[in-house]
Structure formats: structure tokens, C-alpha cells
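To start, the structure under review is shown below, and the notes come after it.
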Amino acid sequence: MGKIVEFMTRTRGGGKMDWTDWLTYCYLVLGILLMFGPVIWLVLSSFKTEADLQRFPPRFLPYAQETVMVDGYEDPLPLFQITAGEYEGRTLAQLRRVGLVAQMIDPADPETRLRVDISNREPLEHLSLAVENYTGLFERFNFLRFLWNSTFITVMATVIMLLVNSMAAFALSKYKFRGRMTVLAIVIGTLMIPQTVVLVPLFLITQQLGMLNSLWGVIIPGAATPTGVFLLRQYMITIPDEILDAARMDKASEWKIFWRIILPLSAPAIAVLAILAIMWRWNDFLWPLIVLSQTENFTLQLALNSFQGELNTEWSSLLAMTVLTLLPIALVFMFLQKYIATGIASTGGK
Amino acid sequence: MLSILSPIMRIIEIPLQALQRRFGIQRLAWAFLLPNLVLFGLFAFLPIILNVIYALTGGDNVLLGDRPFVGMQNFQTLGACSNYLDPNTCTKDLFWRAVWNTVWFVTLQVGFMVGFALLTALVLNRDIRARGFFRGVFFFPVLLSPVVVALIWKWILQRNGVLNAGLEAMGYDSFAWLVDRGWAFTWSVFLSVWAHMGFYTLILLAGLQAIPRDVYEAALMDRASPWRSFTKITLPLLSPTLLVVLVLALIKSVQVFEEVFAFTGGGPGSATTFMIQFIYQTGFAGAPRLFGLAAAASILLALVLVLLTALQLWANRRNVDG
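One line per chain: the protein sequences are A and B, in this order. Residue 265 in the working numbering is what sits at position 77 of the first sequence, and the numbering runs on without skipping anything. Residue 202 in the working numbering is what sits at position 221 of the second sequence, and the numbering runs on without skipping anything.
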């Protein structure tokens, strides 16, 4: 502990901490609590049993009551420690509770029923992860279906977007054809109008194409993003034209130049765009909400949102589902933090 | 990955090669542009035009042929108000509630968010250990989905939640946060700041790191106080970045919907109903589906956004020119 404090309090110059340094670290610690705290609380809570979740005030770690199998009873019985009264100090299993009195038995002597005032007993508990919250998702809900829908949309939309956008970016950066500037102006123009303000006509077009209530209705309309074309074009401009000329000398077709030379050389920009696209599609909410109205087509986000209304109080499933929904993004973030940060900063949006 | 795509790429090559022989290299560019232009035309350009047609027609049919022309009636319905400051006097009171909610939300959210983003960027720009880690701490909520953000905070704020437990431990009464209009709105602003602040922090931090060190060293030589070097060096040199951040934040904030919708559903009452939710509710959620009214409202929103984007382009140019 002392080592940690020493490490934390060392300033870069090796000098003493002054009050501004203290203030800085206070702010940072507060930041960790406020930014990380809620997510950690969510993860911890998702491992609690429904009974433990209803408990107020809540405890930090997940606990579960100890149970015992007694001859003559089919279900395991909850164990209690008796804290006062006649049976003080003994560990008894509860059969049922009637008002303020509990009917209990000693697991060693299942024949004799004992009556205990409920204020005289404390549940025996141990730290335990309620993994059934997670496994229950697969058994009770169509969770795999939602997971599949989300994954399918994310993967297909990302692949289509990368291909279509990189082709357009290639044309706009490496060819000098008439109308190039007009196309570029249209791309910039559509940057101004986000999807959120053309929802009604977008709905009509999607419906007319027969894509309403289909995963393709989510995938296709989002594929041609101006941001993607822009990001890739800016990168492809920096690839020297001489490489293309050399390839043309060798009688390579334009398509071959595109996917054998330009695409591999643009890999860094494509990687950034791929990460962004995965994030956009995975987290997408408003457009899927409008397009997908049948439960079996729901994405994870839609399922989460509709279940929070339906289940209302069944937080155990809801929290587990929330954790599973944020998990892929959390993993991507852990491994690719640097790319994401630069990608988002350079495109100026999420 | 490339090896899987290889046969597909070869198949695409055949027609393109034929086109190349027929039209020459430069005009082949259109073939590369075609898929993107088709998608653009269908899902970005055409909707802009159709949106105007929807706004000028009435009824609850989605097919344009079945919609009677009503002229400016949709806009008049939205604008029918004897006092714009009091939504109760308007025909479409929900629209004006949404407008005023959005105005308040944007003011508070952008103000607090840019303020805290600046503070955080300044802190992260100091000589601290593990800067990358701390940057990640403030940044990661940006990646969370709106629904996840909403549920995280709903879980904390619910009746038996950890916030109420903390309050009771300190001797206060617990409180039903999301049932109270004022608190629901306040928490919506908070949640939105929490979720998006990291993004702007990142941009501001990049701006701060672009300020040359020797300027500060010169100020130190002249015995300028830290406060003075902040107001006379940092702020002026950061102001172009700050301007970009401000406009970007405004554009995003005006379109607030997803996380608040999942958080409060727009309630209690209409306390957290914003512009996009009005459009969504009018056009898609309720019956009859008043597409015309929704389109008219979205055109008004689009005007605001175009104005802000023009501001952004201007700010960007100023930024580049220095």
C-alpha cells in the first residue's frame, strides 16, 4: 500500500507534490469513481440473485443464502443462524414462514419442527456469483436470436460499408473525371443532414424496397456514410500515383489495382473506419427501433429497451443482459483504445 | 480474410475489365462510384426531397400518391400558438414542450459538458502519471450504447438503488428520482454529459498538447502567475479548438433522443420529451401516424442543424487559418 501511495505521489520531475498536484489527483480519483463506478456496480449487481437485488440497502458484493438438502424434502431448504431465544447458536433450516414465526428444523433431526420468531434468525450467507442470471438468458429468452441479429447487422453493415465506401473513395482520390467535384460536393452536402431528420421518407423508401422488418432494412440505409468516404479519401490521396502507373504498365486491371494495391495500403484508415462502423452499428438504436417491430428481429439494444418496460422489476435478467451487451464494445476498447481515440478525433463524430 | 474474398473479387473483375476496355480508365471511376451513389441517392438525397413533399401533404398514408396536398397546413398546425413561451396555448402543445425542453437541455448539457471537458483536458494535460489510463477512464462511456448508459443509471437511481441507500445512510430520505419532473430532467442532462464528455475531452486535450511548451516557459521567465498564463496563453490559443468543440456539441445535443428515451421514455409527463422524440412519436409510435406533421417538424430541426453545420465549417476554417 505504501508503495502504491509512493508511486502515485511521485511527480514527474521527482520533486515534491504541491497543492495543485493534490488537486489534480483528487480530480482524477473522483473521475475514476464517477466514470468507472457505475459500470463496476452494474457488473457486480448482475451477479446477484433476484432476492439479493431487492435488498435495501444493497450490499457491495453478491451473496447467496446457504441451503441444505434434508431427507423427506424435495427442494433444498434455506439455512439460518439463530441469534436469540431458545435455540440460540444453532443452525436451522426453514420450512416455511407464517407471519412473524418461522417453522424450522434441525438438518440433523428432520422430524422435530421448531417454531422460531423471525427476528431471532439471520440468514447464513456466503459470497456467490449468481451465474444463473446469465445462463437463464439463454434458456428463458430468445437471447441467442438477439445476439445473432446484432452480430449479423454489425458484420454485414461493416463489410458492405467498407467495400462501397472504399470504392467511392478510390474513385474520388485517384481519377480525374468530369463531375468529380460535383460528387464531392454532394458527399459534403449530405454530411449536413443526419439520418434523424429524414426519418419519414427513409421509412417510406425502406418499406417500398420491402426491407421493413428485415435486418437488411437496418444494414443497407446506413451503408453509404459520407464520413467513411471522406476519411478514406483523405488517406488514399497520400498514396503516390506512381504506384498505380507502375501497376498499369504491368497490365493490371483497375479493379486489381484497387484491391491488390490501394486496399492493402489503406489498411490503417480502413481499420479505423471498421472499428467506428462496428461501434455505430452495434450501438444503433433509433433506426432499428423504427424498422424492426417484430420481437424475433430485435437487436440486443432493442431487446434491452423493450425488456426494461416489460420485466419492470426483474432486474437480475436485465442487468445480465446489459453486461453482455456492453461486453463486446468493452473488449474492443481494451485492445484498440489508441485507434478508437484517434479515429474518433479525426472524423469528428461517433 | 483476403483469401476468402479472392474468388469474389475475381468475379467482380470480369465485368469491370470489360467496362475498362470499352470506356477507358478515367471513366471507369463511375463504376467505382456507382454503388455508393445509388445508396446515397436512395437513402440520403432522395429523402431530403421527399421530406418536403411529406411536410406539404396530410393524412396518415405513407404512400405519397394517397396523400392529399395541404400546403403549409402542417407548419401552421405546429406554429399555432397564442404565446410561444407557454405551450398550453398551442394547438400542438407537445411540440412546443419538446422545443422548450430541447432549448433548455442544449443550454445546460452543452454548457456543463464543454466546461467539464475543458477542466478534464486541463487536468490530463498536466504532468501526471498514467495519462493514457486516465484518458481512457474519461473516454470509455462514449463507446457505450445509449440503452446501456440509460440502464446503468436507472439501476443506480431506482427506488432501492445505491444512491438512495447512500442518502439514507447519511440520514436523508430516499427519493423517487425519475418520477419527479425536475429531477428526471436534471438526471437526463447529467447522464448525457457523463456519456459524451470523453469525446470532447479528447479533442480539447489534443488542442492543448498542440500549444508549444516554450510559450509557457517564456511566461514563467516573466514571472506570470499560473492564472495569468491560463487566461493569456491557454485560452486564446485553445479558442479555435474550443469553438469547434462547442459547435459539434451543439449539433449532437439538439438531436438528443436515444439515451434519454431509454432512460425516462420522455416522461414523467412530457418533462424529458425532446424534438426527435416528438418526431418519432408523431410519425411512428402512435396512431394515427401523422407523417406530414413529423416531416414538418424534422424540416424545422434540419434548418437548425444546417445553420449549426455552416457555423461548424466556418469554425473549422478559422481553425485551419489559425
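We put the beta carbon where it would ideally sit given N, CA and C, even for glycine.
I need the DSSP call for B:Phe255, collapsed to helix, strand or coil. Walking along the second sequence from the start, residue 255 of chain B turns up at place 274. Looking at B:Phe255 - three-state DSSP - the assignment turns out to be coil, as it is neither helix nor strand.
Pull the bridge partners of B:Thr38 from the DSSP assignment, please. The residue given as residue 38 of chain B occupies position 57 in the second sequence. B:Phe50.
Taking only beta-carbon atoms, is B:Tyr35 less than 9 angstroms away from chain A? Indexing the second sequence from 1 puts residue 35 of chain B at position 54. Closer than 9 angstroms: yes.
For the segment 281 to 296 of chain B, list every residue whose C-beta sits within 7 angstroms of some C-beta in chain A, in sequence order. Leu282, Ala283, Leu286, Val287 and Thr290
Give the secondary structure of B:Gln139 by DSSP, where H, G and I count as helix, E and B as strand, and everything else as coil. Taking the first residue of the second sequence as 1, we reach residue 139 of chain B at position 158. Correct three-state label for B:Gln139: coil.
Sequence-distant residues of its chain with Cβ nearer than 8 angstroms to B:Val51 (five each side left out): The sequence position of residue 51 of chain B within the second sequence is 70, counting from 1. The residues are Leu37, Thr38, Gly39 and Gly273.
When you compare the CB of B:Pro193 with every CB in chain A, is at least one pair closer than 9 angstroms? Here residue 193 of chain B corresponds to residue number 212 of the second sequence, with the count starting at 1. By this cut-off, B:Pro193 is not an interface position.
Quickly, what does DSSP pair A:Asp294 with across the bridge? List them, please. Locating residue 294 of chain A in the first sequence gives position 106, counting from the first residue. Paired residue(s): A:Asp297.
Under 9 angstroms between C-beta atoms, does B:Trp81 make it to chain A? Translated into positions along the second sequence, residue 81 of chain B becomes position 100. With 9 angstroms as the cut-off, B:Trp81 does not count as an interface residue toward chain A.
Within 9 angstroms, strictly: CB atoms of B:Phe180 and A:Gly219: Locating residue 180 of chain B in the second sequence gives position 199, counting from the first residue. Locating residue 219 of chain A in the first sequence gives position 31, counting from the first residue. Against a cut-off of 9 angstroms, the Cβ pair of A:Gly219 and B:Phe180 comes out as no contact.
Figure out for me which residue from A:Pro382, A:Thr212 and A:Glu254 has the closest Cα to the Cα of B:Ala283. On the second sequence, position 302 is the one that residue 283 of chain B refers to. Looking at the Cα atoms, A:Pro382 is the closest of the given residues.
Taking the beta strand (DSSP E) that A:Val343 belongs to, which residues open and close that run? Against the first sequence, residue 343 of chain A aligns to sequence position 155. It is not in any beta strand (DSSP E) - A:Val343 instead sits in the alpha helix (DSSP H) that spans Phe331 to Lys362.
According to the Cβ coordinates, are A:Ile135 and A:Lys364 closer than 9 angstroms? The question about residue 135 of chain A has no answer, for chain A in this structure spans 189 to 538.
Within 9 angstroms (strictly less), CB to CB, does B:Thr88 reach chain A? Taking the second sequence and counting its residues from 1, the one referred to as residue 88 of chain B is at position 107. Not an interface residue.
For B:Arg298, count neighbouring C-beta atoms within 10 Å of its own C-beta (all shown protein chains included) and say buried if the count is 16 or more, exposed if not. By one-based count along the second sequence, residue 298 of chain B stands at place 317. Counting Cβ neighbours within 10 Å, B:Arg298 comes out exposed, since fewer than 16 surround it.
Along chain A, in chain order, which residues have C-beta atoms closer than 8 angstroms to that of B:Leu(-3)? In the second sequence, the residue the question calls residue -3 of chain B occupies position 16. Result: Ser441, Glu442 and Trp443.
Which chain B residues sit within Cβ distance under 9 angstroms of A:Gly219? Counting from 1 along the first sequence, the entry for residue 219 of chain A is found at position 31. Under the 9 angstroms cutoff, chain B gives Thr101, Val104, Phe115, Val118 and Phe119.
Would you mind giving the Cβ-Cβ distance between B:Leu20 and A:Val352, rounded to the nearest angstrom? I have them listed as a contact below 8 angstroms. Sequence index remark: in the second sequence, residue 20 of chain B carries index 39 (1-based). Sequence index remark: in the first sequence, residue 352 of chain A carries index 164 (1-based). About 6 angstroms; that satisfies the 8 angstroms criterion.
Using 10 angstroms around the beta-carbon of A:Met522, count the other beta-carbons present and answer buried if the total reaches 16, otherwise exposed. The residue you call residue 522 of chain A lines up with position 334 of the first sequence. The residue in question, A:Met522, is exposed, as its Cβ has fewer than 16 Cβ neighbours within 10 Å.
Could you say which of B:Gln90, B:Leu(-3) and B:Leu172 lies nearest to B:Pro122 if we only look at CA atoms? One-based indexing of the second sequence puts residue 122 of chain B at position 141. For B:Pro122, the nearest C-alpha among the options comes from B:Leu172.
Cα-Cα separation between A:Pro389 and A:Leu397, rounded to whole angstroms: On the first sequence, position 201 is the one that residue 389 of chain A refers to. On the first sequence, position 209 is the one that residue 397 of chain A refers to. If you take the alpha carbons of A:Pro389 and A:Leu397, they lie about 12 angstroms apart.
Note down, in chain order, each residue of its chain lying with its Cβ closer than 7 angstroms to the Cβ of A:Leu332, except the 5 sequence neighbours on either side. Locating residue 332 of chain A in the first sequence gives position 144, where the first residue counts as 1. Result list for A:Leu332: Phe326, in chain order.
Which residue's Cα is closest to the Cα of B:Phe115: A:Ser354, A:Cys214 and A:Val347? Translated into positions along the second sequence, residue 115 of chain B becomes position 134. Ranking A:Ser354, A:Cys214 and A:Val347 by Cα distance to B:Phe115 puts A:Cys214 first.
From A:Thr415 to A:Asp263, what distance separates their C-alpha atoms? Start at 1 with the first residue of the first sequence, and residue 415 of chain A comes out as number 227. Start at 1 with the first residue of the first sequence, and residue 263 of chain A comes out as number 75. So the two alpha carbons sit approximately 59 angstroms from each other.
Just to make sure I have the definition right: I need the residues of chain A whose C-beta is within less than 8 angstroms of the C-beta of B:Glu198. Which are they? As a working note, residue 198 of chain B is residue 217 in the second sequence. The contacting residues do not exist; B:Glu198 stays about 14 angstroms from chain A at best.
Under 8 angstroms: does the beta carbon of A:Val343 sit that close to some heavy atom of the ligand MG? In the structure shown, the ligand MG is absent, as is every other ligand, since no ligand is present at all.
Please tell me whether A:Ser233 has its Cβ less than 9 angstroms away from any Cβ of chain B. Stepping through the first sequence from its first residue, residue 233 of chain A is reached at position 45. Yes, A:Ser233 lies at the interface with chain B (some Cβ there is under 9 angstroms from its Cβ).
At a Cβ threshold of 9 angstroms, is B:Pro68 touching chain A? Here residue 68 of chain B corresponds to residue number 87 of the second sequence, with the count starting at 1. So, not an interface residue.
Nearest candidate by alpha-carbon position, reference A:Asp297, set A:Gln282, A:Arg469, A:Pro311 and A:Thr510: Translated into positions along the first sequence, residue 297 of chain A becomes position 109. Of the candidates A:Gln282, A:Arg469, A:Pro311 and A:Thr510, the one whose C-alpha sits nearest the C-alpha of A:Asp297 is A:Gln282.
What are the partner residues of A:Ile270, as DSSP defines its beta bridges? Residue 270 of chain A sits at position 82 when you count from the first residue of the first sequence. The partner list for A:Ile270 (beta bridge, DSSP) reads A:Arg309.
Give me the chain B residues within the contact set of A:Asn471, using Cβ-Cβ distance strictly less than 9 angstroms, ordered along the chain. Sequence index remark: in the first sequence, residue 471 of chain A carries index 283 (1-based). Going along chain B in sequence order, the residues near A:Asn471 (Cβ under 9 angstroms) are Leu124, Leu125, Ser126, Pro127, Val128, Val129 and Glu239.
I need the straight-line Cα distance from B:Phe242 to B:Ile232, nearest angstrom please. Locating residue 242 of chain B in the second sequence gives position 261, where the first residue counts as 1. Locating residue 232 of chain B in the second sequence gives position 251, where the first residue counts as 1. When rounded, the distance between both Cα atoms is 18 angstroms.
What did DSSP end up calling A:Val258 once you bin it into helix, strand or coil? Here residue 258 of chain A corresponds to residue number 70 of the first sequence, with the count starting at 1. It is coil, neither helix nor strand.
Pull up the distance between the alpha-carbon of B:Thr215 and that of B:Ile192, whole angstroms please. By 1-based counting over the second sequence, the position of residue 215 of chain B is 234. By 1-based counting over the second sequence, the position of residue 192 of chain B is 211. For B:Thr215 and B:Ile192, the distance between alpha carbons rounds to 8 angstroms.
Could you confirm whether any beta carbon from chain B is found closer than 9 angstroms to the beta carbon of A:Trp229? Locating residue 229 of chain A in the first sequence gives position 41, where the first residue counts as 1. Yes, because at least one Cβ of chain B sits closer than 9 angstroms to the Cβ of A:Trp229.
A:Arg135: first and last residue of the uninterrupted alpha helix (DSSP H) it sits in: With chain A covering only 189 through 538, there is no way to say anything about residue 135 of chain A.
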